[in-house]
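Some notes on the structure that comes next.
Residue numbers (UniProt numbering), protein chains in the order written: chain X, 1 to 372; chain B, 1 to 372; chain G, 1 to 372; chain Z, 1 to 372.
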């Protein structure tokens with residue numbers, strides 16, 4: 001491939017110019033002016049459809065857990081900042097992303113530990129996997145956390161994670177938009193001047209105040225770009241899925257799917273990251289579709305598999321897997337008796353806010369992808 | 001007072017013209033052209049502040065209940081349409097309003113009865129007082145109802161109320177904006193062609209689908225002007241008040257006050273009628289304030305009194321009372337051990353949507369009105 | 001008609017109860033408790049469709065003009081406040097409305113005069129009919145005004161009208177929602193402590209800043225409920241109508257119709273009052289329709305007639321006429337050569353904000369009402 | 001630099017772990033599971049502040065113009081698709097961007113030529129530099145274009161550019177978000193099945209219908225994510241700047257700055273690209289600031305220079321220059337008699353929609369950057 005690879009296509013309306021000595025000289029001349037000839041790159045930069053740089057991956061919890069725990073032996077919190085194993089998609093190692101522009105990691109913390117407080121322009125969720133006594137402080141609001149709960153630490157908020165001395169070692173999944181905010185050249189980072197925040201409110205106040213069905217606290221104002229309901233708990237989520245399941249047929253592609261929302265706007269929990277929980281009913285084999293946007297799934301309950309671009313990926317509780325943008329995917333509950341629940345962190349709020357969301361159903365073969 | 005009462009005021013910037021023979025002749029001449037001289041009415045139509053036509057009233061449930069029940073003996077549902085005792089504010093008998101532009105009534109229905117389905121431009125809530133087996137069907141969605149639950153029958157929706165044959169006699173409070181919609185010359189009424197609606201969904205589906213904290217059903221669309229969560233139940237409301245009470249100081253004027261909202265917009269349940277529930281904590285004596293907008297209160301729990309424009313009004317469970325626009329009011333829990341809960345139906349959504357809301361704290365005497 | 005007129009209707013689903021001695025006794029008993037039996041008033045308060053209390057009226061400028069001018073001789077500005085002839089709809093004299101809940105008046109002011117500054121919860125527009133040198137100051141912003149221009153003096157803004165000493169006697173039409181705001185028991189009135197406002201900005205700054213097509217002033221914030229473009233001028237309005245007319249077929253009911261908008265929201269100029277200008281092209285006979293909401297029209301240009309509920313009302317330049325809510329109406333340009341332009345002040349923003357707008361086309365007779 | 005460069009920083013709260021044989025073995029082990037240790041990359045992916053990959057560049061029109069025209073000799077439209085010289089920022093050659101994620105190019109077309117119609121998920125503006133007879137068709141709407149006018153071809157719209165046979169050779173600047181939409185893995189491309197669109201409306205109808213100050217076409221609906229005012233013309237823009245300049249002090253950083261807006265939302269013209277025009281008054285030397293987001297400037301009028309990160313860049317009419325994200329920049333009008341106008345295409349709508357906008361004033365030295 002020459003320097004002036006011109007990505008020719010023999011299709012009406014597409015560039016198809018062959019190199020000539022005169023053109024090559026012209027291209028060199030343009031370089032002097034920090035310019036180029038569009039027809040040499042047009043077909044490359046205007047693809048017919050998206051082809052993600054990310055690969056589908058399953059990260060198995062039973063494999064990673066021991067390595068996560070081992071980090072406690074290997075590095076101190078003081079030196080490491082945080083003891084985290086991050087998910088490194090083979091197609092995205094340049095930006096340390098799990099999929100697309102989303103970062104994912106598994107963090108461990110021992111009882112009595114607390115990370116230093118900081119803030120950044122990247123937004124995060126912390127999804128608890130195991131252990132007791134975990135808590136997070138966000139802008140002075142302390143939230144307690146149990147398994148399958150998650151907490152928001154949005155863009156610009158001071159935050160610190162800890163585990164009560166009375167608790168047990170905790171492991172959780174971090175999910176952030178660090179790669180995206182870096183790509184947008186908009187990331188700032190600050191260490192809290194005191195390294196610790198004072199807790200200024202009743203524990204769990206933001207969820208008790210804002211997380212009530214069909215009720216808002218009169219007189220309380222909230223205009224920030226993210227949800228005031230900092231913590232979303234598993235128990236009411238699962239109960240909501242059961243209630244909704246009782247009166248919906250569900251999505252052909254996603255079973256019983258609910259999106260976590262900012263109760264003030266009914267929009268996504270944060271402007272750059274969305275979260276959802278879906279229930280695959282016993283025996284459910286959802287149909288395949290694809291859409292723009294990247295998803296990082298966490299198996300909250302049950303076991304089964306997903307078929308992504310024609311290849312099967314098995315998963316069970318606390319495994320993590322990803323679906324790249326515009327990849328065909330279908331989810332299958334492996335049990336005929338129990339439901340399976342998938343938590344998904346995605347950049348769908350970005351795709352929707354910018355008009356870039358597009359979706360397509362897999363119509364052949366009854367909506368089931370043939371395995372390749 | 002002459003026909004040309006000119007409402008004179010001796011204040012700079014206000015009209016203060018005395019009648020003369022020449023002016024009286026001029027006024028008569030103007031009448032021929034369906035016109036008048038503004039200065040004769042200016043001070044009347046531009047008052048310094050609102051003076052409501054409504055009076056504060058308490059309707060005591062123990063007094064009205066027997067009359068409500070007696071209506072069952074006196075008229076048939078076929079002839080009466082509905083057996084309802086309406087609340088007739090002495091200052092608003094011309095429009096049959098309980099307060100301001102809000103209609104209120106107490107309706108009774110026996111087991112096995114069902115009212116004929118209809119729809120109108122007026123919006124309504126139905127707040128259950130006593131009895132079992134009550135239900136309402138709204139646009140094909142059936143909602144079951146218990147004490148202190150309420151259901152919406154918004155502008156333009158087909159609706160019918162009934163009591164299951166297995167239930168007991170039910171009494172509930174109706175609240176509508178009939179007087180307002182009539183005043184706006186925008187009321188339409190239709191009887192359902194079949195007199196009954198077919199139920200097309202799972203029972204209580206709208207609340208199960210939309211009434212989940214921090215979760216929305218992905219893929220479901222709702223763009224109507226009213227809440228899709230047709231029923232609001234007492235149990236989760238009371239639980240929400242307790243949770244919120246644990247982390248708020250509350251409003252000085254209203255204790256722990258939550259507004260029922262349309263979960264899609266976080267705005268009022270309907271465009272013309274709002275609803276709230278407030279908890280007065282044991283021993284709480286809230287401070288006085290006044291605001292534009294009319295409120296029709298229903299005592300959902302406990303006992304106490306309110307001071308309205310300097311006069312005390314005692315109330316206990318299931319009593320109804322009203323606070324006219326721009327009337328000073330303060331609420332007092334009569335118990336030092338138990339909380340008291342007030343449900344309030346109001347036109348605050350109208351005042352807010354149109355920029356007419358104004359509020360003032362009573363600053364003298366520590367915020368407590370002297371009794372007159 | 002007895003005191004207990006019960007508005008009986010022999011229709012399924014409607015009330016149809018005949019008086020009996022027992023019932024009459026019951027009704028009297030209910031009165032003691034400030035209550036009544038719904039079935040005695042149900043059919044009255046739930047009409048099948050709106051029947052406006054307002055009558056169609058044309059106020060002819062050539063008739064009223066001399067009376068307006070005569071007021072200058074009869075009363076001083078100091079005593080009268082303002083010299084205004086108000087439009088008194090025969091069906092709305094109780095609230096001094098021109099139509100529905102809208103007040104209209106014709107005001108005159110001589111060169112060098114200025115009215116004292118005040119503010120109120122009612123919102124107003126001032127539409128200039130004749131004269132030079134008119135100006136209005138709104139919250140310190142001075143706007144100059146020529147024929148067919150109008151200025152907003154929204155809810156809560158300090159405002160004063162004047163005519164420059166170098167000008168000529170000016171007559172304009174006032175339009176306000178005074179009756180509505182009074183009905184909502186939300187009207188407040190204040191005289192400016194200095195009786196005059198200081199002008200704190202460049203003349204006409206609000207229109208120069210906000211009234212630019214497809215451009216907003218970067219960095220300027222505006223979150224109030226009304227348009228920051230305080231003045232709307234005739235010349236760009238007429239030019240806009242001509243441009244739009246070149247590329248639209250127009251509305252069958254209204255010809256080429258444009259709504260004046262708040263440029264920040266693309267919504268109505270004020271929350272309670274809307275304004276529009278429509279062009280009837282030469283020879284245009286628009287079709288009849290009816291809708292909820294009241295309209296007060298001012299003939300800005302040309303001549304013609306409107307048929308309202310089957311009766312013809314002729315109009316020419318600067319005449320004012322009204323169309324009551326839910327009245328059939330069609331507008332006809334009387335000229336085959338010139339266009340005619342109608343300015344309309346209405347409460348459509350209220351109807352729309354509250355979900356009360358409804359519209360119906362007249363389908364018989366080719367959309368033309370037979371004259372009655 | 002080893003493979004496991006761990007970006008150590010000796011700051012509390014930052015990662016600072018030295019490599020050990022044990023750790024290096026651990027890192028290798030993690031790679032097997034498509035994972036890594038966060039502390040090795042944390043300081044790299046969480047920078048203290050943005051450092052753009054783009055460089056400031058001025059592309060001088062007098063230099064590029066001849067090369068643009070020469071492309072007409074070198075390639076045919078059929079083979080090249082479009083004859084465009086694209087701006088290739090030295091820091092962004094991997095994505096063919098002019099700055100950040102924004103593509104820019106100079107396109108030429110001869111009279112009678114027309115490009116084949118296509119559509120893509122990327123959004124574009126076409127800003128005319130010279131020539132007569134240019135037009136663009138967007139979803140069947142034909143817009144005529146003169147110097148300093150621009151037209152939108154938003155995400156998903158069919159579009160084609162042409163020059164009337166009666167016109168002259170036209171050169172314009174293209175600006176697109178191609179690099180961004182590619183990075184989001186959301187770009188789709190289609191050639192129009194007929195290669196040409198039928199024009200279905202009056203010429204320039206979208207601007208005539210929607211581009212009117214303070215007026216909207218009643219009854220026309222528009223809910224798409226981009227402005228219905230497809231064309232923005234230079235003449236009314238310049239007139240608007242003059243009007244606004246008469247009543248504002250202007251921004252200390254940008255002089256008289258107006259943003260082109262979607263008249264329906266008052267928001268940006270498209271969801272991913274914003275446009276503004278600013279006037280530097282005679283002699284104006286604006287103060288320096290920096291903000292997130294990338295800007296591609298086109299000198300619409302006048303001459304002067306900008307200081308970007310301490311280095312001076314001169315510009316005159318039709319030159320193009322860029323300001324990378326978070327770069328200090330100040331603009332200076334080179335004339336004491338004439339104003340200078342800068343058109344700017346940017347991704348500020350993305351930064352704002354996602355909560356990533358941040359801004360800082362240069363406070364030292366009176367807001368003037370020292371030259372480096």
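Ideal Cβ placement from N, Cα and C applies to all residues, glycine included.
Item                                                                                                                                  : Value
Which listed residue (Z:242, Z:241, Z:209 and Z:235) has its alpha carbon closest to that of residue 229 (chain Z)                    : Z:209
Distance CB(residue 24 (chain G))-CB(residue 74 (chain B)) smaller than 8 Å                                                           : no
Rounded distance between the beta-carbons of residue 227 (chain G) and residue 269 (chain G), thought under 8 Å                       : 5 Å
Closest Cα partner of residue 252 (chain B) within the set B:273, B:240 and B:279                                                     : B:279
Segment contact, 8 Å Cβ cut-off, at least three pairs: the region 301–313 of chain Z with the region 334–344 of chain Z               : yes
Residue 346 (chain G) - partner residues in DSSP beta bridges                                                                         : G:274 and G:295
Cα-Cα separation, residue 231 (chain X) to residue 207 (chain X)                                                                      : 6 Å
Spatial neighbours of residue 165 (chain G) in its chain, beta-carbon cut-off 6 Å, leaving aside the 5 residues before and after      : 111 and 112
Any C-beta of chain B under 8 Å from that of residue 345 (chain G)                                                                    : no
Span separating the alpha-carbon of residue 122 (chain Z) from that of residue 352 (chain X)                                          : 14 Å
Cutoff 8 Å: residue 358 (chain B) Cβ touching any chain G Cβ                                                                          : yes
Identified DSSP bridge partners for residue 190 (chain B)                                                                             : B:119
Residue 217 (chain Z) and residue 248 (chain G) closer than 8 Å at C-beta                                                             : yes
The region 22–33 of chain G: positions lying closer than 8 Å to chain B by Cβ                                                         : 22, 23, 26, 29, 30, 31 and 33
For residue 86 (chain G), the three-state DSSP class (helix, strand or coil)                                                          : strand
Close-in-space but distant-in-sequence residues of the same chain around residue 169 (chain Z) (CB under 6 Å, 5 per side omitted)     : 110 and 131
Nearest-angstrom Cα separation, counted from residue 140 (chain G) out to residue 198 (chain G)                                       : 6 Å
Cβ-based neighbour list, residue 18 (chain Z), same chain, cut-off 6 Å, excluding 5 preceding and 5 following                         : none
Three-state secondary structure (DSSP) of residue 61 (chain X)                                                                        : helix
Minimum Cβ-Cβ distance from residue 211 (chain B) to chain X less than 8 Å                                                            : yes
CB contact check: residue 221 (chain Z) to chain X, cutoff 8 Å                                                                        : no
C-beta neighbour in chain D for residue 46 (chain Z), strict 8 Å                                                                      : Protein chains X, B, G and Z are contained in the structure displayed, whereas chain D is not.
Residue 184 (chain Z), enclosing beta strand (DSSP E) - first and last residue                                                        : That residue, residue 184 (chain Z), is in no beta strand (DSSP E); it is neither H nor E in DSSP.
Uninterrupted alpha helix (DSSP H) stretches inside the region 25–51 of chain B (no shorter than 4 residues)                          : 42–45
Residues of the UniProt domain "Cupin type-2" (277–344) of chain Z whose Cβ lies closer than 7 Å to any Cβ of chain X, in chain order : 292, 325 and 326
Chain Z contact for residue 116 (chain X) (CB, 8 Å cutoff)                                                                            : yes
8 Å Cβ cutoff, residue 272 (chain X) in contact with chain Z                                                                          : yes
Whole beta strand (DSSP E) elements within the region 221–270 of chain Z, 3-residue minimum                                           : 256–262
Burial state of residue 356 (chain B) (16 or more Cβ within 10 Å)                                                                     : buried
Residues near residue 371 (chain B) in its chain [Cβ-Cβ closer than 8 Å; skip 5 each side]                                            : 307, 310, 311 and 312
Cβ of residue 193 (chain Z) within 8 Å of any chain X Cβ                                                                              : no
Test item: CB-CB of residue 286 (chain X) and residue 343 (chain X) under 8 Å                                                         : no
CA-to-CA distance, residue 346 (chain G) to residue 146 (chain Z), given in whole angstroms                                           : 40 Å
Where the beta strand (DSSP E) containing residue 314 (chain B) begins and where it ends                                              : 311–316
CB contact below 8 Å: residue 135 (chain X) versus chain B                                                                            : no
For residue 330 (chain B) and residue 368 (chain B), the rounded distance between their alpha carbons                                 : 8 Å
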